[in-house]
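**Student:** Take this structure first; my questions come after.
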Amino acid sequence: MELNYFRDKLFDLLNDSEGMRIADLNTDERNSLLNVRTEDGDVFEIVCRQAAGKEDGWTTAN
């Protein structure tokens with residue numbers, strides 16, 4: 006699975022999630038981030054990077 010496809014699907018899952026009370030969802034593709042603002046004003050950043058390993062002992066790819 007390609008990183009862009011995964012990030013797009015993650016965006017869709019968060020965007021369609023009724024129970025998480027997400028007020029705003031933005032992508033920062035340059036920095037591989039999903040920025041999430043909740044209805045109560047909290048802001049979260051989700052970093053999307055492809056891990057180097059596919060089995061045990063994953064490490065982050067550069």
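Mapping of the sequence shown onto my numbering: position 53 corresponds to residue 58, and the numbering continues sequentially without gaps. Where is the CB? At the ideal position from N, CA and C, for every residue including glycine.
To the nearest angstrom, report how far apart F14 and F49 are at their CA atoms.
**Tutor:** Position 9 of the sequence shown holds residue 14. Position 44 of the sequence shown holds residue 49. The sequence shown places Lys at residue 14, rather than the Phe named in the question. For K14 and F49, the distance between alpha carbons rounds to 18 Å.
**Student:** Just grab the DSSP bridge partners of D33 for me.
**Tutor:** Taking the sequence shown and counting its residues from 1, one reaches residue 33 at position 28. Paired residues: L38.
**Student:** Using only CA atoms, which one of T43, E44 and L39 lies nearest to C53?
**Tutor:** For this step, residue 53 is matched to residue 48 along the sequence shown. C53 has its Cα closest to that of L39, out of T43, E44 and L39.
**Student:** Output the boundary residues of the beta strand (DSSP E) element that contains E50.
**Tutor:** Here residue 50 refers to the residue found at position 45 of the sequence shown. Where E50 is concerned, the enclosing beta strand (DSSP E) stretches over V48 to V52.
**Student:** Which residues mark the beginning and the end of the alpha helix (DSSP H) in which D13 is found?
**Tutor:** Residue mapping note: residue 13 aligns to position 8 of the sequence shown, counting from 1. That run of the alpha helix (DSSP H) goes L8 to D21.
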